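Residues 27 to 107, numbered by my numbering, are exactly what the sequence shown covers, in order.
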Amino acid sequence: MLEEQIAALQQHLELLQAQNDEYKTALSALRPIVSKCLPPRERRKLLQAVTQSKSPLQVQIWRFVLGEVESLHQGHLDLRK
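Structure, rendered in structure tokens:
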């Protein structure tokens, strides 16, 4: 029974890691589009609005998309949380 649970957890972990990679790819593709379409002033206003209404993880994601941080890994961002 324990071996089956470990195998199921391992399979779930692999699925989460694959999803994490897909999210990182999507966010990395979105970032240059946002930079091109939104002027700096609008990006700052959006970040202020997000900061007031979103969870810390969502704020970290938006900080990356809006160009406030250079890497998804900066600030220990882990989409599996």
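Glycine residues also receive a C-beta, built at the ideal position from the N, C-alpha and C atoms.
What you are looking at is a predicted structure, and each value in this text was computed from that prediction instead of being measured.
According to the DSSP assignment, K80 belongs to no alpha helix (DSSP H), since it is labelled neither H nor E. For H38, the enclosing alpha helix (DSSP H) covers residues 28-63.
The count of Cβ pairs closer than 8 Å, one atom from the segment 52-64 and one from the segment 87-100, reaches three, so the stretches are in contact.
With fewer than 16 other Cβ atoms inside 10 Å of its own Cβ, L83 counts as exposed.
Excluding residues up to 5 positions away in sequence, Q84, V85, W88 lie with their Cβ nearer than 8 Å to the Cβ of V76 in the same chain.
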